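Worksheet: one structure, shown below.
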Amino acid sequence: ITNFLKKGKNALAIEVIPPTWGDLTIGFVDWNPWPPDDNLGIWRPVHLKKTGSLALKNVFVKPDFEVTNPSKATVEILCEIQNLSTENKTGEITISFDNTSIVKKITIQGGQTQRITLSPDEFPALNINNPRLWWPNNMGNPELYQMKATLTVNADESDVFATQFGIRKIEDYFNEQGHRGYKINGKEILITGGGWVDDIFLDDPDEKVEDQIRYVKHMNLNTIRLEGFWGKNSKIYDYADQYGILVMIGWSCQWEWKDYCGREEDEYLAIKTEKEIKEHTNAYQDQVKWLRNHPSVFLWVYGSDKLLIPELEKSMNAMLAEEDGTRPILNSCGGRTSEVTGKSGVKMNGPYSYVTPNYWYEDDSRGGAFGFNTETGPGLQMAPMESIRKMIPQENLWPVDSIWAFHLGRREFASFENWMPAFEARYGMDDDVEKFAQKAQMASFEAMRGMFEAFHVNRPETTGIIQWMLNSAWPAMMWQLYDYYLMPNAAFYATKNACQPVNIAYNYKDKGVYITSQEKEWKEALKAEIKFLDLSGQVLFEKVIEIDSPNAFSKKIHSLADLEEVPPTYFLDLRLLNQKGNLVTDNFYWLSGKPDVLDFENSQWFVTGNTAYADFTAINGMPKATISILSATKVEGDTVRVEVDLNNTSDHLAFFNELSIIDKTTGLSILPVFWEDNYVSLLPGEKRTVKAYLLNDRGNVQPDNLTVKVLGWNLAE
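Residue numbers (this note's numbering): 239 to 955.
The following block contains the structure:
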């Protein structure tokens with residue numbers, strides 16, 4: 239705006255025009271109600287930048303290394319320098335990071351913009367010995383470098399730019415079954431994540447964004463998928479860099495279906511004309527230039543459900559080859575084949591509504607545990623009771639009615655009809671909203687754990703799984719691992735359990751016990767304890783198995799298929815210990831002698847129903863257990879540590895105990911909260927310590943005013 243400024247006060251007026259039906263704009267698809275203003279307005283910051291005669295633009299830090307020799311890396315710096323004057327200008331650009339500093343003289347003609355490259359060939363200091371590599375969550379530390387670029391003219395600062403970057407290498411590959419997968423710094427990674435969405439009003443506070451990325455890390459996930467370029471600013475990407483969370487971003491299916499964008503449908507995304515191809519390539523280019531320094535951004539995605547028309551895909555490929563070249567491209571998140579770039583190698587075949595846990599092991603043609611499922615999930619993840627009370631008026635709390643359904647999705651996902659029949663058949667219906675809400679969490683836990691564990695158990699045939707969704711744009715009852723209020727639900731802790739670096743898991747198809755690991759080689763020999771229990775917690779069968787490192791991501795260590803006289807409802811307690819007898823991890827299942835039978839013949843794109851259901855109704859008559867609780871609180875800088883000692887003082891199993899940290903004054907949970915485990919079950923006489931931490935810089939934590947609440951399924955009053 240330099241040429242338009244006048245001496246004295248100036249005003250910048252921006253005309254905002256609402257999108258009309260047929261415009262390709264931001265949208266929420268079927269996730270929540272359509273905002274009445276159609277997201278009218280400016281939802282990213284507007285900046286005014288003042289520089290000298292030379293201005294820095296589009297600085298790109300481009301690290302590289304050979305995965306066979308990660309002790310040597312190179313860093314190339316690319317940028318544009320614009321001469322804002324009419325005279326030729328000579329200056330210097332200085333690049334500094336860590337102990338590296340280089341200077342390059344430049345001359346830019348008046349009124350011109352010139353691309354500048356600072357390469358390791360020209361500046362040997364850009365050859366980095368023993369670089370600190372950026373790793374995703376649970377694979378290593380997300381090491382970051384802080385770089386500063388300073389442009390001077392006659393020793394006076396003309397412009398400055400600062401960014402963080404990471405040294406890491408992203409590659410894609412096809413496995414033996416023809417599924418696309420990804421490698422980070424030469425290591426195969428199972429992509430595990432959730433679909434991110436911004437707040438319905440696009441105004442998430444920065445601290446809420448950080449809290450959610452912390453949640454992603456805490457759940458042992460490594461990825462978020464953005465269907466669209468979400469983020470009211472760069473904070474979501476900054477936090478993803480900081481916490482080691484990969485980000486896959488691309489256009490939304492909002493632009494692919496008539497009901498969402500108002501354009502006629504065919505097999506391609508709705509960008510068709512020569513003018514639109516140019517406009518949208520340029521728009522994507524702006525996002526690439528904005529985000530390419532973020533090591534967390536590992537993948538540029540084009541279409542969501544569909545492909546781009548060939549002309550647009552070619553235009554995009556040329557643009558990305560020029561502007562990046564350090565990340566793979568995915569032509570579609572659906573199982574499509576492009577005449578330009580070949581097959582996507584991934585899939586998007588659902589389900590999106592409730593399926594029983596065995597689905598992920600038994601399905602071999604749709605959304606089951608093979609390949610990379612870029613969006614899927616077991617549907618409804620109901621909010622815990624405390625959040626239900628926040629969103630549902632007291633007079634509508636029971637029974638479940640249209641007010642509850644208002645907080646579901648749209649279209650096929652606007653009612654409980656794909657969830658309630660299975661819930662009632664498997665768990666039985668109650669006449670009490672509190673018990674109903676507890677059992678809804680049980681259903682969410684087993685459904686979500688089954689999905690994520692299946693993708694771990696079936697490695698290396700599986701390469702990725704994105705839960706649809708991670709979070710909610712508004713107070714919701716479905717598609718969420720934590721709710722709008724940042725309250726984790728049972729699916730949150732099921733995910734954390736299933737995706738831990740080393741896990742012991744039950745395969746619902748072959749009834750086997752498996753050890754899964756993110757690394758093929760384990761650091762030590764382990765010991766597995768398997769216990770088969772009845773409703774009261776009496777041990778019916780037990781076995782101890784010594785395990786050596788199997789040089790595999792997944793190994794079957796035992797089969798329970800031949801067990802005789804299986805009760806209608808029973809429990810499976812799995813524990814993994816090191817050679818010193820210390821617990822590495824554990825897993826607790828409720829299973830049924832009556833199997834879930836899937837109705838594959840009548841599968842729909844969003845759901846596969848059942849012809850028969852497991853029977854867990856016996857839990858409604860479990861004998862009562864008693865637990866003693868001791869808790870201690872300790873302040874450590876910006877965190878408040880809470881340690882809870884649980885002791886099952888009864889002769890019965892204490893099933894599905896939810897732990898909460900409550901503010902004594904309000905009676906409400908302190909959020910966000912980070913439990914190392916939750917919804918835990920205790921065997922008769924068992925003692926267990928469970929730890930959590932709170933953030934002490936949010937203004938909602940008074941360490942002396944906290945209490946721990948335990949809500950168990952069969953605890954005595």
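The beta carbon of each residue, even a glycine, is placed where N, CA and C say it ideally should be. The structure displayed is predicted, hence computed values, not measured ones.
| Asked | Found |
| --- | --- |
| Coil, strand or helix - Y411 by DSSP | strand |
| Beta-carbon proximity check, M557 vs T519, cutoff 7 Å | yes |
| Expected contact under 8 Å - CB spacing of I344 and I354 to nearest Å | 6 Å |
| DSSP-derived helix/strand/coil call for Y723 | coil |
| Rounded straight-line distance, which links the Cα of Y665 to that of K673 | 11 Å |
| Per-residue burial, P806 [other beta carbons within 10 Å of its own, 16 or more giving buried] | exposed |
| Touch test, the region 637-648 against the region 688-699, Cβ-Cβ under 8 Å, three pairs minimum | no |
| For S830, the three-state DSSP class (helix, strand or coil) | strand |
| K761 versus G424: straight-line alpha-carbon distance, rounded | 20 Å |
| P533 versus K677 - alpha carbon distance | 41 Å |
| Per DSSP, cross-strand counterpart(s) of W434 | L464 |
| Alpha-carbon spacing of I900 relative to N840, whole angstroms | 46 Å |
| Residue ranges of each beta strand (DSSP E) within the region 789-837, 3 or longer | 792-797, 807-816 and 821-830 |
| Classification of V305 by the beta-carbon crowding that lies within 10 angstroms, buried from 16 upward | exposed |
| Rounded distance between the beta-carbons of A728 and Y917, thought under 8 Å | 5 Å |
| Straight-line gap, I264 to V873 (C-alpha atoms, nearest Å) | 42 Å |
| Identity of the residue in L464, R530, I703 and D748 nearest Y599 by Cα | D748 |
| T401 versus L356: straight-line alpha-carbon distance, rounded | 16 Å |
| N- and C-terminal bounds of the beta strand (DSSP E) containing M658 | Premise fails: M658 lies in the alpha helix (DSSP H), M658 to Y665, not in any beta strand (DSSP E). |
| Residue burial classification, H645 (beta-carbon count within 10 angstroms, cutoff 16) | buried |
| P362 - DSSP class collapsed to helix/strand/coil | helix |
| Distance between R604 and L708 (C-alpha atoms, nearest Å) | 21 Å |
| Separation of L635 from E914, as counted between CA atoms | 31 Å |
| Residues near L956 in its chain [Cβ-Cβ closer than 7 Å; skip 5 each side] | Only positions 239 to 955 of the chain appear in the structure, and residue 956 is not among them; the question remains open. |
| Status (buried if at least 16 other CB within 10 Å, exposed otherwise) for F843 | Looking at the sequence shown, residue 843 is not Phe but Trp. Classification of W843: exposed, given that the 10 Å Cβ count is below 16. |
| Cβ shell of S339 (< 8 Å), same chain only, five flanking positions each side left out | T332, I333 and A363 |
| Residue interval of the alpha helix (DSSP H) (run including T519) | E512 to L529 |
| N- and C-terminal bounds of the beta strand (DSSP E) containing N220 | Residue numbering for the chain in the displayed model covers 239 to 955; residue 220 lies beyond these limits and cannot be assessed. |
| Cβ pair count under 8 Å reaching 3, the region 526-543 against the region 402-417 | yes |
| Segments of 4+ residues assigned as alpha helix (DSSP H) that fall wholly inside the region 703-780 | 728-736 |
| Straight-line Cα distance separating D441 from D942 | 33 Å |
| P374 vs L484 beta-carbon contact at 7 Å | yes |
| 7 Å Cβ shell around R282 - same chain, five flanking residues per side excluded | K470 and N471 |
| Of the listed residues L944, V948 and T351, nearest to T864 (C-alpha basis) | V948 |
| Where L546 falls: helix, strand or coil (DSSP) | coil |
| Given V939 as reference, the closest of K581, F651 and K902 once Cα atoms are compared | K902 |
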